[in-house]
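Chemist: Using my numbering, the letters of the sequence shown map in sequence onto residues -17 to 318.
Ideal Cβ placement from N, Cα and C applies to all residues, glycine included.
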Amino acid sequence: MKLINNYTLTDTVRSAKTFRTPKNLILMILIFAGIFLIISMAESMPLMVVLMPSLLSWTIEQSQLLGENFTDAMIYEHLANMLTDPSLMFAMLLCTGFGTLTAIIYCRFAEGRKLRTMGFRGKDFVPQYLVGLVAGFAMFSLIVLLSWAMGGLSANGLQNAAAGGLIVMFIGYVVQGMSEEVIFRGYFMTTILRYHKPWVAVLINSIGFALVHGGNPGIDLFHNPLITILAMINLTLFGVTASLWMLRTGSIWGACAIHSIWNFVQGNFYGLPVSGTNSGDSVFSFGLVEGMGWANGGAFGIEASLATTIVLGVIIAALLFVPSPKKKEAPAEVQA
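1. For Phe72 versus Val150, is the C-beta spacing smaller than 9 Å?
2. Using 10 angstroms around the beta-carbon of Arg230, count the other beta-carbons present and answer buried if the total reaches 16, otherwise exposed.
3. The alpha helix (DSSP H) that contains Phe191, what's its start and end?
4. Does DSSP put Glu315 in a helix, in a strand, or in coil?
5. Considering only their Cβ atoms, is the gap separating Gly236 from Ala117 smaller than 9 Å?
6. Run through DSSP, which three-state label would Val31 get?
7. Extract the residue ranges of the beta strand (DSSP E) inside the segment 242 to 302, only unbroken runs of 3 or more that lie entirely within it.
8. Provide the residue(s) that pair with Leu135 in DSSP beta bridges, ordered along the chain.
9. In whole angstroms, what is the alpha-carbon distance linking Glu25 and Ala137?
10. Return the CA-CA distance between Gly280 and Leu217, expressed in angstroms with no decimal places.
11. Just to confirm, are Met228 and Leu(-9) a CB contact at a threshold of 9 Å?
12. Looking at the strands, I want to know which residues DSSP matches up with Ala140.
13. Can you tell me whether Met(-17) is buried or exposed, with buried defined as 16 or more other CB within 10 angstroms of its CB?
14. The alpha helix (DSSP H) that contains Gly49, what's its start and end?
15. Alpha carbons only, please: which of Val194, Phe91 and Gly49 is nearest the one belonging to Ala15?
16. Near Ile189, which residues of its chain fall below 7 Å by C-beta distance, leaving aside the five closest residues on each side in sequence?
17. Work out the CA separation of Asn260 and Tyr169 for me, nearest whole Å.
18. If we call anything under 9 Å between Cβ atoms a contact, is Tyr252 one with Val271?
19. Near Phe1, which residues of its chain fall below 7 Å by C-beta distance, leaving aside the five closest residues on each side in sequence?
20. Please identify the residue among Asn245, Gln44, Thr291 and Leu226 whose C-alpha is closest to the C-alpha of Leu301.
21. Residue range of the alpha helix (DSSP H) that Gly147 falls in?
22. Compute the Euclidean distance between the alpha carbons of Glu50 and Leu112, then round it to the nearest angstrom.
23. For Glu162, count the other beta carbons within 10 Å of its own beta carbon; 16 or more makes it buried, fewer makes it exposed. Which is it?
24. The alpha helix (DSSP H) with Pro207 in it runs from where to where?
25. Ordered along the chain, which non-local residues of its own chain (more than five positions away) have a Cβ less than 7 Å from that of Trp40?
26. Check each candidate in Gly283, Ile21 and Gln44 and name the one with the smallest Cα separation from Ser129.
27. Helix, strand or coil for Leu(-9) per DSSP?
28. Tell me which same chain residues have a C-beta within less than 7 Å of the C-beta of Met160, skipping the five on either side of it?
29. Can you tell me whether DSSP reads Ala(-2) as helix, strand or coil?
30. Spatial neighbours of Leu212 within its chain, please: CB distance less than 6 Å, with the 5 preceding and 5 following residues excluded, ordered by chain position.
31. Give a yes or no on whether the C-beta atoms belonging to Ala277 and Gly134 are separated by under 9 Å.
Below you can see the structure in the form of structure tokens.
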């Protein structure tokens, strides 16, 4: 099954002389699960060090007030509320940079890989990133437009967002978007691609990407089955989109840009929840029309909407079937 017509990255991965990874797919997945656990700890520990004094103080206070009625579940709930505070969002986004570093260190020293096998192609990374920013902005804007046309969103006009705050959040999302792409596409997908077909690498890393977001606010199969199912489908479709973009271009930079601008535009441009979380100030404000969860994603946000399913489906079809522009061949030399 041919997914794309540019196998530059696939050839790079499979021709690498130093690339220590098992051929068994199940073992690859298990190793990734272990590395992802380490990555999660690396990303969360710095923030937990900052939050721990406040959490400990609250825990002592509440335990004294409630006595035996105070439970561990209350601690977890309070911590979750602390982590959704927009004032902490930038710190959380920066901490994801440890995920990028961990994935690169593992691939370089444990698997013995060169950075180019992770999609870090240096010669044209600036245009690749810029194209990704434009593409990501256009993708999400189409989703907002379609959801609004379906009656899922109400436009509330411009907001008084400070330019400085928006720039700070954009920087944070640049770090966060790159982290998830390096972990799932730069590491996990290319590891599978070493010995398995491209469609296997694309599908498995995309499903894994969706599953790790399964604990986000707004996802609840028992109380919000439709929203939960659409969210998981669309998260998988986003992973497929980023994977195909990276395989087609042979570079990770465009996928990183798409992911970063997607999240930034969603929260800080259109004022919508980002995978169930609030990003703070925004340029515009759009409200979620009650009772139209299928069109706006409900508590999870527009990523769990049918509009997102449609737009990502069309983009995936284009990445699969629209031919790449052919490069012009240099004229043959005149024979003497």
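Modeler: Let me lay it out:
1. Phe72 is a Cβ neighbour of Val150, given a cutoff of 9 Å.
2. A residue is called buried once 16 or more other Cβ atoms fall within 10 Å of its Cβ, and Arg230 is buried on that count.
3. Run containing Phe191: Pro180 to Val194, per the alpha helix (DSSP H) assignment.
4. Legend: pLDDT at Glu315 = 41, less than 50; position of this residue unreliable, value from coordinates given subsequently. In the structure shown, Glu315 sits in coil (DSSP, three-state: anything other than H, G, I, E or B).
5. It is a contact, given that the beta carbons lie within the stated cut-off.
6. It is helical.
7. Runs found: 266 to 270.
8. Looking at the DSSP assignment, Leu135 forms a beta bridge with Leu270.
9. One C-alpha to the other measures close to 35 Å.
10. Roughly 15 Å separates the two Cα atoms.
11. It is a contact, given that the beta carbons lie within the stated cut-off.
12. In the sequence under discussion, the amino acid at residue 140 is Leu, which differs from the Ala named in the question. The partner list for Leu140 (beta bridge, DSSP) reads Phe266.
13. Because Met(-17) carries a pLDDT of 38, less than 50, the predicted location of this residue cannot be relied on, and the following value inherits that uncertainty. By the 10 Å Cβ count, Met(-17) comes out exposed.
14. Judged by DSSP secondary structure, Gly49 falls outside any alpha helix (DSSP H); it is assigned neither H nor E.
15. It is Val194 whose Cα lies nearest to the Cα of Ala15.
16. Counting only Cβ-Cβ distances below 7 Å, and skipping sequence neighbours, we find Thr218.
17. Distance from the CA atom of Tyr169 to the CA atom of Asn260, rounded to whole angstroms, is 29 Å.
18. At a Cβ-Cβ threshold of 9 Å, Tyr252 and Val271 do not count as neighbours.
19. Leaving aside the five residues that flank Phe1 on each side, the residues in its chain whose CB is nearer than 7 Å to its CB run, in chain order, Glu93, Gly94, Arg95, Thr99 and Arg176.
20. Taking only the C-alpha atoms, the option nearest Leu301 is Leu226.
21. For Gly147, the enclosing alpha helix (DSSP H) begins and ends at Ala145 to Glu163.
22. C-alpha separation (whole angstroms): 56 Å.
23. Classification for Glu162: buried.
24. It spans Pro207 to Thr231 - the alpha helix (DSSP H) in which Pro207 sits, taken as one unbroken run.
25. Taken in chain order, the residues that qualify are His60.
26. Ser129 has its Cα closest to that of Gly283, out of Gly283, Ile21 and Gln44.
27. In the three-state reduction of the DSSP assignment, Leu(-9) falls in the helix class.
28. Cβ neighbours of Met160 beyond the five flanking positions: Thr82, Cys238 and Ser242.
29. Correct three-state label for Ala(-2): coil.
30. If we look at Leu212 and ignore the five residues flanking it on each side, its Cβ neighbours are Ala286.
31. Contact check for Ala277 against Gly134 passes: the beta carbons are separated by less than 9 Å.
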